[in-house]
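Participant:
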Amino acid sequence: MSVRPVTFNEDGSIEVHHDEFNHSGTIPPDQIIWRNAMDGNPNHYIIVLDCPAGCDSQSFWPVGGGADAINGQRMFVEKITRDGCACGNVEAGNDVLADAHAHLNCARIDGEERWQV
Amino acid sequence: MSILDQVEGLLGPEAQAAPTVFANVANNVSGVLAVAATATDTTIAITPGGGALFPNAPFYVSCEFEVMWCVSKSGDSLIVQRGMDGTTATTHAVGQVVEMRNNAGLWKDHSTAINNLETNVANGTALPANVAYTDRTQELTHKTLDLTDPTKANVIIGTVSPDPSQLAYNNILLNGGFDQWSGPTTANIPAGAAGSGSKSAFLAPYWELYSVNDSSISASRDTSQPDPTNPSGYNLLVNVNTVQANDYVEIQQTIDNHRTVNFDGVVGTQFSISSRIKLLTGGVQVAFRFIYTDGSGLIHSDLGPWLTITGSYSSLKREGVVWFPTLGTISARLSICFKGVGQVAMDNAMLINSQLASNYRSTFPAPVPYTPNLLMNGGFENWARGAGPFSTHNVITADNWTMLIGGGTSVVSRETSIVDPNNGQYSVKVVTAGVTTGSFIHQDSATAVSIGLAYKNQVMTFSVRIRTTLVNLVRAFQDDGAGIRTYSQYHTGDDTWQTLNVTVKRSPVSTGGLFGVKIDGNGTTYIDNATLTLGSAPAPYAPPIGYPENVPNNRLGLDVQRNNLLTNGNFMIWQRGGSGFTGHGVYSADRWWLLQFNGTITVSRDINNAEVVGGTCLAAVTTGTNQIIQQSLLDNISKLKGKQISFTVRLKTSVPNSAQIDLTDGVVSNPSGLNVNPGQWETLTCSIIVSPSAVQLDCRILISAPATVYVESACVVVGSPALAVPMHLSDELHRCLRYFEVIGNSGTIPILIGYNGASQPNMINIPYRDIKPVTPTVTKNGTWFVSNCGQPVVNAADVNMVVLASTVTALGVGQAYPTAVGQNITIEANP
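So the protein sequences, as listed, match chains Y and X. Numbering (numbering that gives the first Met the number 0) for the first sequence: 0 to 116. Numbering (numbering that gives the first Met the number 0) for the second sequence: 0 to 830.
1) From MET762(X) to ALA809(X), what does the alpha carbon distance come to, in whole angstroms?
2) State the beta-bridge partners of GLU90(Y) as determined by DSSP.
3) Quick check: what's the CA-CA separation for GLN354(X) versus ILE272(X)?
4) Taking the Cβ atom as the reference point for each residue, do ALA536(X) and ASP145(X) lie within a distance shorter than 7 Å?
5) According to DSSP, is TRP68(X) part of a helix, a strand, or is it coil?
6) Listed in chain order, which residues of the segment 777-801 of chain X have Cβ atoms closer than 7 Å to some Cβ of chain Y?
7) Identify each residue in the segment 817-830 of chain X for which the Cβ-Cβ distance to at least one residue of chain Y is less than 7 Å, and report them in chain order.
8) Would you identify the three-state DSSP class for LYS78(Y), choosing helix, strand or coil?
9) According to DSSP, ARG413(X) sits in a beta bridge with which residue or residues?
10) With a threshold of 6 Å on Cβ separation, who are the neighbours of PRO833(X) within its own chain once the five nearest residues in sequence on each side are excluded?
11) Taking TYR168(X) as the reference, give the member of GLY520(X), VAL654(X) and SER357(X) with the closest Cα.
12) Go through the segment 560-597 of chain X residue by residue and report every complete run of the beta strand (DSSP E) that reaches 3 residues or more, in order.
13) Does the pairing of the segment 666-677 of chain X with the segment 582-597 of chain X give three or more beta-carbon distances under 8 Å?
14) Tell me which same chain residues have a C-beta within less than 8 Å of the C-beta of GLN457(X), skipping the five on either side of it?
15) Between PHE7(Y) and chain X, is there a C-beta pair that is closer than 7 Å?
16) In three-state DSSP terms, what is VAL516(X)?
17) If we ignore side chains and look at the alpha-carbon of each, how far apart do THR682(X) and ARG649(X) end up?
18) When you check each C-beta in the segment 39-63 of chain Y against every C-beta of chain X, which residues fall closer than 7 Å?
19) Please report the distance separating the alpha-carbon of LEU882(X) from that of THR495(X).
20) Relative to the C-alpha of SER274(X), which residue among TYR247(X), LYS316(X) and VAL260(X) is closest?
21) Runs of 3 residues minimum, wholly inside the segment 476-510 of chain X: which ones carry the beta strand (DSSP E) assignment?
22) Would you please state the rounded distance, in angstroms, between the beta carbons of ASN234(X) and ASP221(X)? I believe it to be under 8 Å.
23) Below 8 Å on the Cβ atoms is my contact criterion, and I expect VAL473(X) with ILE440(X) to pass it. Report the Cβ-Cβ distance as a whole number of Å.
24) By the DSSP assignment, the beta strand (DSSP E) with ARG737(X) in it spans what residues?
25) Less than 8 Å between the CB atoms is what I'm expecting for ARG113(Y) and PRO28(Y), so what's the real figure, rounded?
26) Taking Cβ positions, are PHE389(X) and VAL411(X) nearer each other than 7 Å?
27) Is the Cβ-Cβ distance between GLN269(X) and GLY319(X) less than 7 Å?
28) Consult DSSP for HIS109(X) and reduce its assignment to one of helix, strand or coil.
29) Rounded to whole angstroms, what is the Cα-Cα separation between GLY406(X) and ALA432(X)?
30) For the putative contact between SER23(Y) and GLU14(Y), defined by C-beta atoms under 8 Å, what is the C-beta separation to the nearest angstrom?
31) Determine the DSSP secondary structure at PRO227(X), reduced to helix, strand or coil.
32) Note down, one range per segment and in chain order, each beta strand (DSSP E) of at least 3 residues found wholly within the segment 590-663 of chain X.
33) Assuming VAL708(X) contacts ALA757(X) (C-beta within less than 8 Å), just tell me the rounded distance between them.
34) Per the DSSP calculation, ALA834(X) is bridged to which residue(s)?
35) Looking at the C-beta of VAL773(X), does it have a partner C-beta in chain Y at a distance below 7 Å?
36) Could one say the Cβ of ARG575(X) lies closer than 7 Å to chain Y's Cβ atoms, at least one of them?
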C-alpha cells in the first residue's frame, strides 16, 4: 500500500494512486525528489513521493522498484533523464545513460536479476 | 551261367555269407594217370593231351573210388583237393583212369545252395543292405533318405518313431489353438465399397481380422467342428466372401520380437506354418502370407500358393520360407488368407522355425514378460479438469492428453455413451469442423519427453481404439523422437471400434516425440483405451493395477500435505483490509493482484460463500469482459525452469463459461477449460513446463464475463495438478509477511521519541518481521501525532529494517506516533 506511480506524463509529472486511502493525484516533476542521505547529500538510490492528496503520506521508493518493479524503476530512469542523477555522474538529457545508471544502482542493492525495465 | 548263378549274381555279394562255387561240367571226359599218385599228392598228371579234355577249373574228377576237386589246371596237370564228396584219398597207380563222373556232389551243391538261399530270403538276410523289406522294420544306420525330388512323390508309409509331430516345437503363434478368448466371441468386417481399402477388427487374443474393399469376413468361436487330431478347446468358424479377383481376407497375428521370436537371431532360417482347415460350405481357398517391416520401414509381403480346402479336416501348410533375410526387422505378421465364398472351420495353427511344418501341439509359451502401459491415463478415465467441452488450442483435456487444433475448430469432451466395450466408462469425443492441417489428441509433452529420453533405440508400439464415420481421415501416429512421424493405417469410417497400431523404432538420439491420434477431417471421432508398450506387438488396454514408483500428485490422498508454491493460496491473509479492492494494479488479498481491462473488478474477502464452512474465499464482482486476478511466482522462477508446474483452484460462479485459470511464463501459456457447472464448486487446473528463457511466471484467474466469482484453495505444485490443503495460519502469514507487512495501525506504536537539539533528527530502527526479497517500498501513511517535531519520514530502508526519522523543532523532547487506523508504516516488496 504505497503512493505508487501509475502513469508517466510527458511533462515529467506522475499520476499516482495511494492504495491505503484509495485516492489519487498528480505529482509535478519538481516534487519527485531524491531522499537525502545521513550526510545531507541526495541519495540516488531513493526517490520520495509525497501523496498529492494531502494525507501526509509519503512513499520511499528504492531504485530496484520496491512494490512495483517496472513502474518504480521507470520512475528513476525518467528522473535521471530529466534532471540528471543525484550523484552528479550522469547529466540530464541522456535516456540511455540514465537507464544504464539506474540499472547499475538497482543491481547494486537488489541484484542483477531485479532489473525489469 | 546257371539259373542259380544268375539269381545269386543279382543278389550281390553282400547277400551271400559264403558265395557258392559250382563245378564246371562236361560230357565224356576221361584221361589216364601218367604218374602214380600217393594219397597226399595234390597234382595229378594225365597222359599228354588228356588235360585239354577237361573243362576249366573248378570241377569234380574221380579216380577209382576217390572223388577229387580240381581247383586249377595247367596243361596235363590237375591241381586237386583229395578225398572230396565223402570219399577217402588213396594211392593210384599209373594207367588208372581219371574221369569226370555224375558224382553226388554235383547235385548236393546245387540243392544246398538253393536251400541256403531260401533260408536267407526268409530271414531277410538274402537281400543287399540297401534294400528294405516292406513287411518288417529296417534298421538304418548312417543312411540318407533323399525326399527332395517332388517328382518321385516320396511318402513315408506308417508311423515314424519317434513321431515328428510329437517333437516339442515351440509354436511361435500365440493362441494358435484359438482357445483363448477375451470379451466378444465373434468379429465381423462387413463388405465396404469397391475401393474402400483395408479394414481390421479384433478377433481373439493376438488375432485380428483383415478385409479389403467389398470383401467381407466374419469369425466366431465354435465347438461344433472340433479338429479330430486335437479336439480339445474351441475351433473357429470363418465366413468368407471375396469379390474382386485379386482380393482376399485374412486372419493375422503380429509376431512379437521380444516374446516369441528374436528377429535378428533367425535371419536366413526357414519357417513353416500349418493349420487344420475344413470346408463346410461353398468354395474357399487358403494361402499363407509372411509379412515383415525392415529397418527402413518398408513392408515386405510373401504370399504363398493358394491351396484347396476339402470337406474334411486336413493340414494345410506352407514350408521352408526364409522370413527374415536381413538384420534389422522391426515388426512381422503371419497371415492366413482366404478367398472365395463359403464357410470353413479352422483350428490348431502352428508356426515353427523349421524347414518342415509340424502338427499342432499345445505348448505353453515362454512366460510373457511384464510390459506395462507407458501411457498416463491411457483409458481416458481421469478428467480432473472436468468433462469439458475443451475448445482451446494446446490445452490438456482428459488428464495427460493435450489437444492441438490445426485450423477450424475442435471440441473435446468426456463421453459416457459411446465407449469402447472392452474397458472403462469414459472415452474422448472430438468434434472437428473447418479442419485444415489436422487436429491432434496426443499424450502431454512432459510425459512424451520423459518416454522419449528413457527408451532411445527401442521398438515401441502405440495402439489406440477409435470409432468414427470419417473415412480414411483418422489415424494413430508415433514419432521416433528425431523428427520422423509414422502413421498407422486409417480408420475406415464404418462407425465401429477399430484398433489402430503403429510400431516405431525410437531414434538413438531421441529427445521426446509424440504419440496420439490425428484427425484430418470434419466430424465426430471417439478415442479410447490407448497403450504404448515395448516391442512390436500391440497390447490391449488394461487398467493399471498398481501405483508407479513415483506417485503423482493426483494419486495422493487428500490428507497428504503438498508443497504449495503459492502464498496465501487459501485467501486467509488480508493485511490490506477485507473489502473495497478495485482498479488496475491493486493488491487485494495478500499477494493477489488485480488487472482491470474492459470494465471493473471489485474484490473482497468472503466468509459466507466459502466451500468449507467457516473458511475464507475471495469474492470478485466483475463487469465487462476481461478481468484478471493473478499472483506472480517470480520469486521461485529460477528453481522452476524446465519443470512441469500445475495450477489448481476451486471456483464457483453462476455464469457458465465465464471463468478459467491460466499459467504463463511469458513464453508459453496454458489456460484451463472454462467453468461448466453454474452454481457449483468445480476444480479448474492447468499445467505448463516453465521455459528455460522465462522472465515472468504468473498464475491467473481470468474472468471473461460479468459475474460474481468465488475462488479458494488455489495451489501451484511441481508436477501434476493437486488440490490445495489449508496451511497453518502462521505459515500462511509468515509467507505473506515476506512481501508485505504493516507496522502500527493500532494506535501509538511505533513511537519515535528522543531529546535533541533544534533541527536535529530523532531516529528509530524498526526491523521487519520477515526479511524482504528485494529492497521494499516503505510508506509512512497518514498524519501522525507529533510533538516538538515534524512528521516522521523514511530515512533509510533495506531488506531487513527501516529507519524512521523526525526532525526536532526546538531543543527538548520530540515525539511522533500514530493514533488511528490508517496511520502506519507499510513495507511492500514484490519480486
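Here a beta-carbon is modelled for each residue, glycine too, at the ideal position from N, C-alpha and C.
Facilitator: With the structure as the only source:
1) 16 Å
2) For GLU90(Y), which the question treats as bridged, DSSP gives no partner whatsoever.
3) 10 Å
4) no
5) strand
6) VAL777, THR778, LYS779, ASN780, GLY781, THR782, GLN790, VAL792, VAL793 and ALA796
7) GLY821, THR825, GLU827, ALA828 and ASN829
8) helix
9) VAL427(X)
10) The requested residue 833(X) is not part of the displayed model; chain X covers only 0 to 830.
11) SER357(X)
12) 592-595
13) no
14) LYS504, ARG505 and LEU533
15) no
16) strand
17) 5 Å
18) CYS54, ASP55, SER56, GLN57, SER58, PHE59, TRP60, PRO61 and GLY63
19) No answer is possible for residue 882(X): it lies beyond the span of chain X, which begins at 0 and ends at 830.
20) LYS316(X)
21) 484-486 and 497-504
22) 5 Å
23) Rounded, the Cβ-Cβ distance is 10 Å, inconsistent with contact.
24) ARG737(X) -> no beta strand (DSSP E), and no H or E assigned at all.
25) Incorrect: roughly 25 Å between the Cβ atoms, too far for contact.
26) yes
27) yes
28) helix
29) 9 Å
30) 7 Å
31) coil
32) 592-595, 600-605, 616-621, 626-631, 643-652 and 658-663
33) Their Cβ separation, rounded to whole angstroms, is 57 Å, which puts VAL708(X) and ALA757(X) out of contact at 8 Å.
34) The structure shown does not extend to residue 834(X), since chain X is modelled only from 0 through 830, so no value can be given for it.
35) yes
36) yes
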